[in-house]
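Peer 1: Before we start, here is the structure in question, set down as structure tokens.
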Amino acid sequence: MKHIQTINKANLKESAQKGGCGKCQASCQSACKTSCTVANQKCER
Amino acid sequence: MIHKFTLNGLYIVLDVNSGGVHIVDEMTYDLLDDAKPPFADECPAEILEKLSGKYDAEELKECYLELKSLYEEKILFSVDDYEKYAAFAVASPIKAMCLHIAHDCNLRCTYCFASTGDFGTGRKLMPVETGKLAIDFLLENSGNRENLELDFFGGEPLMNFDAVKEVVKYAREREKDYGKHFRFTITTNGLLLDDDKIDLINKEMSNVVLSIDGRKEVNDRIRVTPNGKGSYDIILPKFKQLVDARSKDKDYYVRGTFTKFNLDFSEDVFHLNEAGFDQISVEPVVGDPDDPYALTEAELPQVFAEYEKLAQRLLENDKAGKHFNFFHFMLDLNQGPCAIKRLRGCGCGNEYVAITPDGDIYPCHQFVGMEEYKMGNLEEGTFDMEMKKVFAGTHIYNKPKCRECWAKFYCSGGCNANNYQYAGDIHNAHELSCEMEKKRLECAIMMQAVKAIEKGI
Chain A
22 MKHIQTINKA
32 NLKESAQKGG
42 CGKCQASCQS
52 ACKTSCTVAN
62 QKCER
Chain B
44 MIHKFTLNGL
54 YIVLDVNSGG
64 VHIVDEMTYD
74 LLDDAKPPFA
84 DECPAEILEK
94 LSGKYDAEEL
104 KECYLELKSL
114 YEEKILFSVD
124 DYEKYAAFAV
134 ASPIKAMCLH
144 IAHDCNLRCT
154 YCFASTGDFG
164 TGRKLMPVET
174 GKLAIDFLLE
184 NSGNRENLEL
194 DFFGGEPLMN
204 FDAVKEVVKY
214 AREREKDYGK
224 HFRFTITTNG
234 LLLDDDKIDL
244 INKEMSNVVL
254 SIDGRKEVND
264 RIRVTPNGKG
274 SYDIILPKFK
284 QLVDARSKDK
294 DYYVRGTFTK
304 FNLDFSEDVF
314 HLNEAGFDQI
324 SVEPVVGDPD
334 DPYALTEAEL
344 PQVFAEYEKL
354 AQRLLENDKA
364 GKHFNFFHFM
374 LDLNQGPCAI
384 KRLRGCGCGN
394 EYVAITPDGD
404 IYPCHQFVGM
414 EEYKMGNLEE
424 GTFDMEMKKV
434 FAGTHIYNKP
444 KCRECWAKFY
454 CSGGCNANNY
464 QYAGDIHNAH
474 ELSCEMEKKR
484 LECAIMMQAV
494 KAIEKGI
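Structure below.
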């Protein structure tokens, strides 16, 4: 495309179909214990 | 839903529901003020007319069709169809625990959310037996989850380190019987660190959070001993010793808090890096708006500018081959958590609980001491399943502000405790935190965009 560059796989929908296993870390346990960010967690499947 | 923003000279468009991130030119950016579904076969006359003074009509038509094509690929204006997954995880096992091994502290940090260590409930240490009951509780309530997280927290957990050792030993014995694995973490102010404690922490703890706020004068203004002396000179060498001896396959973070007193907090992030650390988290203080150190709406422009500055400095640093990790800009746009994980925040009160020295169970460490949120007690064998269901229901579709927010799949509804304390209900949004979270996300997405351009996309 001339005007637009897409930089990632945009795969959230796909992730929902395969997701929900619950193996990943509880987000608040990682480094913050206060301000919550989920998107910086790793998928552990 | 899309979110578009400009940062660092880039025009960036996030397609909220697919997670797609697009770098666009200025014309496309402007066109997106009006171009939206349903897309016509060609660019509507009124849009052409509106933008014809600024852009060439043929280019606009071409651009419109590019947008239409992305829409048809479902990576622009894609639909939010995740609500059907919100019922998942309601009956979730409990897999994570914050164990308040000490409700006492040897510092008197003025911004402490835990009333300088005792959570307003009296200074006490957790008996080993209560710690063992907590391990049993987690083992028995964790269903098919194999990895169990347990964070030794306080107060200051090193004040009761013999109990930490005993609880770790007990958990290691018991985990085999259940086919589980404990991942221990500990959050410490570092004052009592010595060779033996460092050895055990580096052997047993998969993550360690080391509390220090950055520059000496910043740290020592807030993080003081009971007689008012600063802690920086005591803790820095100990943290260095711990990190230098730590295996690279284990995590650690030096973790600071910024307040109204250090709105130039990027200096603190870089100070910590210069002091020898490469895993750094520095984040905003949360407190009553009347507290002298509190961040309020008035400080937001400065905070935003500082986040932008920090992002710039980190990019320059990466380019110079001196990469270090800033926790709140970590973002993997391709392999982050699944959409179902993103519907809820930390999992407090549902997948995650906190245990006090008395064996009381709360949804998380931030709720400890709020009697109305006490969920049960280990010795009494009580646990409020109805309250667990309430917390399981704190997903983004049950939070009216979150439902409509572009950042919903990144912050996932924010901190329920902050929502309750500062916005009156766990389902409300603590908007000051939201604004800062959104700014961090924009910076993190921009950094990914810059890196993608550098790699040739």
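Residue numbers (the working numbering), protein chains in the order written: chain A, 22 to 66; chain B, 44 to 500.
Note that CB positions come from ideal geometry on N, CA and C, so glycine has one too.
Tell me where the alpha helix (DSSP H) around A472 of chain B begins and ends.
Peer 2: Note, A472 of chain B: premise wrong, no alpha helix (DSSP H); not H, not E.
Peer 1: Comparing the C-beta of Y125 of chain B with each C-beta of chain A, is any distance below 9 Å?
Peer 2: It does; some Cβ of chain A falls within 9 Å.
Peer 1: Return the bridge partner residues of K47 of chain B from the DSSP annotation.
Peer 2: DSSP, once it has assigned bridges, lists B:V56 as partnering K47 of chain B.
Peer 1: Compute the Euclidean distance between the alpha carbons of G163 of chain B and A337 of chain B, then round it to the nearest angstrom.
Peer 2: Distance between the alpha carbons of G163 of chain B and A337 of chain B: 20 Å.
Peer 1: List the DSSP bridge partners of P327 of chain B.
Peer 2: P327 of chain B pairs with B:F301.
Peer 1: Check whether the Cβ atoms of F80 of chain B and F120 of chain B sit closer than 9 Å, and answer yes or no.
Peer 2: The displayed chain sequence assigns Pro, not Phe, to residue 80 of chain B. Cβ atoms of P80 of chain B and F120 of chain B: closer than 9 Å.
Peer 1: To be precise: take each residue of the region 167 to 182 of chain B, compare its Cβ to all Cβ atoms of chain A, and keep it if any distance is under 8 Å. Which residues remain?
Peer 2: Hits within the stretch: zero.
Peer 1: How about F434 of chain B and I404 of chain B: are their beta carbons less than 9 Å apart?
Peer 2: Cβ distance not < 9 Å, so F434 of chain B and I404 of chain B don't count as in contact.
Peer 1: Check whether the region 332 to 347 of chain B touches the region 280 to 293 of chain B, taking contact to mean three or more Cβ pairs, one atom from each stretch, closer than 8 Å.
Peer 2: Judged by Cβ distances under 8 Å, the region 332 to 347 of chain B makes no contact with the region 280 to 293 of chain B, as fewer than three pairs qualify.
Peer 1: Among B:E423, B:D58 and B:A487, which has the Cα closest to the Cα of L176 of chain B?
Peer 2: Of the listed residues, the one whose Cα sits closest to L176 of chain B is B:E423.
Peer 1: Counting along the chain, where does the alpha helix (DSSP H) carrying I241 of chain B start and finish?
Peer 2: It spans D238 to E247 - the alpha helix (DSSP H) in which I241 of chain B sits, taken as one unbroken run.
Peer 1: Going residue by residue through the region 380 to 464 of chain B, where are the continuous alpha helix (DSSP H) segments of at least 4 residues, counting only ones entirely within it?
Peer 2: Whole alpha helix (DSSP H) segments, 4+ residues: 428 to 435, 443 to 446 and 451 to 454.
Peer 1: Using only the alpha-carbon positions, how far apart do G379 of chain B and N270 of chain B sit?
Peer 2: Spanning the two alpha carbons is a distance of roughly 45 Å.
Peer 1: So is Q322 of chain B buried or exposed if we call it buried at 16+ other beta carbons inside 10 Å?
Peer 2: The residue is buried, with at least 16 neighbouring Cβ atoms inside 10 Å.
Peer 1: Determine the closest residue to P200 of chain B out of B:S112, B:E415 and B:C148, with distance taken between C-alpha atoms.
Peer 2: When each option's Cα is compared against that of P200 of chain B, the closest is B:C148.
Peer 1: Does any CB atom of chain A fall closer than 9 Å to the CB of K219 of chain B?
Peer 2: For K219 of chain B, the answer is no, since every Cβ of chain A falls outside 9 Å of its Cβ.
Peer 1: Excluding five sequence neighbours on each side, which residues of the same chain lie with their C-beta closer than 7 Å to the C-beta of C106 of chain B?
Peer 2: Excluding residues within five positions, the ones whose Cβ falls inside 7 Å are M70, T71 and L74.
Peer 1: For a test of the three-state rule: what should DSSP assign to S254 of chain B, helix, strand or coil?
Peer 2: Looking at S254 of chain B - three-state DSSP - the assignment turns out to be strand.
Peer 1: So which residues of chain C does D58 of chain B contact, with C-beta pairs closer than 8 Å?
Peer 2: Looking for chain C here will not work: the only protein chains present are A and B.
Peer 1: Which word fits A88 of chain B, buried or exposed, when buried means at least 16 other C-beta atoms lie within 10 angstroms of its C-beta?
Peer 2: It is exposed - the Cβ of A88 of chain B has fewer than 16 other Cβ atoms within 10 Å.
Peer 1: Within 8 Å, do at least three Cβ pairs link the region 431 to 449 of chain B to the region 220 to 238 of chain B?
Peer 2: In short, these stretches do not touch, since the Cβ pair count stays below three.
Peer 1: How about K117 of chain B and S61 of chain B: do their beta carbons lie closer than 9 Å?
Peer 2: Yes, these two residues count as a Cβ contact at 9 Å.
Peer 1: So, is the C-beta of M418 of chain B closer than 9 Å to a C-beta in chain A?
Peer 2: For M418 of chain B, the answer is no, since every Cβ of chain A falls outside 9 Å of its Cβ.
Peer 1: Our contact map puts I469 of chain B next to T437 of chain B with C-beta atoms below 8 Å; I'd like the distance itself, whole angstroms only.
Peer 2: Going by Cβ atoms, the distance from I469 of chain B to T437 of chain B rounds to 6 Å, so yes, they are a contact pair.
Peer 1: For the 8 Å Cβ check, are there 3 or more pairs between the region 200 to 219 of chain B and the region 129 to 145 of chain B?
Peer 2: Segments in contact, yes.
Peer 1: Could you tell me the alpha carbon to alpha carbon distance between R385 of chain B and K365 of chain B, rounded to whole angstroms?
Peer 2: Rounded to whole angstroms, R385 of chain B to K365 of chain B spans 31 Å at the Cα level.
Peer 1: Do L181 of chain B and K138 of chain B have their C-beta atoms within less than 9 Å of each other?
Peer 2: Taking 9 Å as the Cβ cut-off, L181 of chain B and K138 of chain B qualify as a contacting pair.
Peer 1: Can you name the start and end residues of the beta strand (DSSP E) that K140 of chain B belongs to?
Peer 2: A small correction: the amino acid at residue 140 of chain B is Met; Lys does not occupy that position in the sequence shown. Start and end: A139 to H143.
Peer 1: Does the region 254 to 264 of chain B come into contact with the region 207 to 225 of chain B, if we say contact requires no fewer than three beta-carbon pairs (one atom in each stretch) closer than 8 Å?
Peer 2: These segments do not touch.
Peer 1: Short of 6 Å in beta carbon distance, which residues of its chain neighbour G319 of chain B, apart from the five on each side in sequence? Order them along the chain.
Peer 2: So the qualifying residues of the chain are K283.
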